[in-house]
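Chemist: Numbering (our numbering), first residue to last: 363 to 517. By construction, the Cβ of each residue, glycine as well, lies at the ideal position given by its N, Cα and C atoms.
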């Protein structure tokens, strides 16, 4: 397994010192394309970034330079799993077949056999759009399948 430690620098993707983050990535194979600012990882990919852990078969991280410093993390797996530790130490876990994470908007789109669990509550659907900062989840399924939700109400 190859262990890669990447420190995002101002030269690579136009981040200032305050925005510097560390991404820790384990994978069997990696490819870095400095022309289009993308990183591609394949084979037993494990990513640790900004309180989120992602396990997948394939992950691509893309950056757009400029004022908004847009980052996208996309992955595929059978399944992909993720864990997000919120500031209040609340753990959110999930899985799906395809993962799309927009870091600027703090939005995660789970596609295919999507599942998110928080405490003892969960939601399961073909597609789940999770807006992290707004604590909002939108879920829907294809071809007449229903979305399944389990909620424990406290009285």
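At which residues does the beta strand (DSSP E) containing residue 415 begin and terminate?
Modeler: The residue given as residue 415 occupies position 53 in the chain shown. Per DSSP, residue 415 belongs to the beta strand (DSSP E) from 414-426.
Chemist: Please return the same chain residues whose Cβ sits closer than 6 Å to the Cβ of residue 401, not counting the five positions on each side in sequence.
Modeler: Position 39 of the chain shown, counting from 1, holds the residue named residue 401. 394, 423.
Chemist: Assuming residue 477 and residue 457 form a contact by the criterion Cβ under 8 Å, report the distance between their Cβ atoms to the nearest whole angstrom.
Modeler: As a first step, residue 477 must be located in the chain shown, where it is residue number 115. As a first step, residue 457 must be located in the chain shown, where it is residue number 95. At roughly 5 Å, the Cβ-Cβ gap stays under 8 Å, so residue 477 and residue 457 are in contact.
Chemist: Could you check the C-alpha separation between residue 384 and residue 484 for me, to the nearest Å?
Modeler: Start at 1 with the first residue of the chain shown, and residue 384 comes out as number 22. Start at 1 with the first residue of the chain shown, and residue 484 comes out as number 122. Going by the C-alpha atoms only, they are around 30 Å apart.
Chemist: Beta carbon of residue 442, beta carbon of residue 448: below 8 Å?
Modeler: In the chain shown, the residue the question calls residue 442 occupies position 80. In the chain shown, the residue the question calls residue 448 occupies position 86. Going by C-beta atoms, residue 442 is not nearer than 8 Å to residue 448.
Chemist: On the premise that residue 413 lies in contact with residue 446, defined as a C-beta separation below 8 Å, what is that separation, rounded to the nearest angstrom?
Modeler: Counted from its first residue, the chain shown places residue 446 at position 84. Counted from its first residue, the chain shown places residue 413 at position 51. Rounded, the Cβ-Cβ distance is 6 Å, consistent with contact.
Chemist: Would you mind working out which of 433, 490, 514 sits nearest residue 466, comparing C-alpha positions?
Modeler: Walking along the chain shown from the start, residue 466 turns up at place 104. Answer by Cα proximity: 433.
Chemist: Can you give the Cα-Cα distance for residue 470 and residue 462, rounded to whole angstroms?
Modeler: Here residue 470 refers to the residue found at position 108 of the chain shown. Here residue 462 refers to the residue found at position 100 of the chain shown. Whole-angstrom Cα-Cα distance: 6 Å.
Chemist: Quick one: what's residue 456 bridged to in DSSP?
Modeler: Within the chain shown, residue 456 is the residue found at index 94, counting from 1. The partner list for residue 456 (beta bridge, DSSP) reads 444, 478.
Chemist: For residue 489 versus residue 473, is the C-beta distance shorter than 8 Å?
Modeler: Walking along the chain shown from the start, residue 489 turns up at place 127. Walking along the chain shown from the start, residue 473 turns up at place 111. Yes. Within cutoff.
Chemist: Chain B beta carbons: is any one of them nearer than 8 Å to that of residue 476?
Modeler: Going by chain labels, chain B is absent from the structure shown, which holds only one protein chain.
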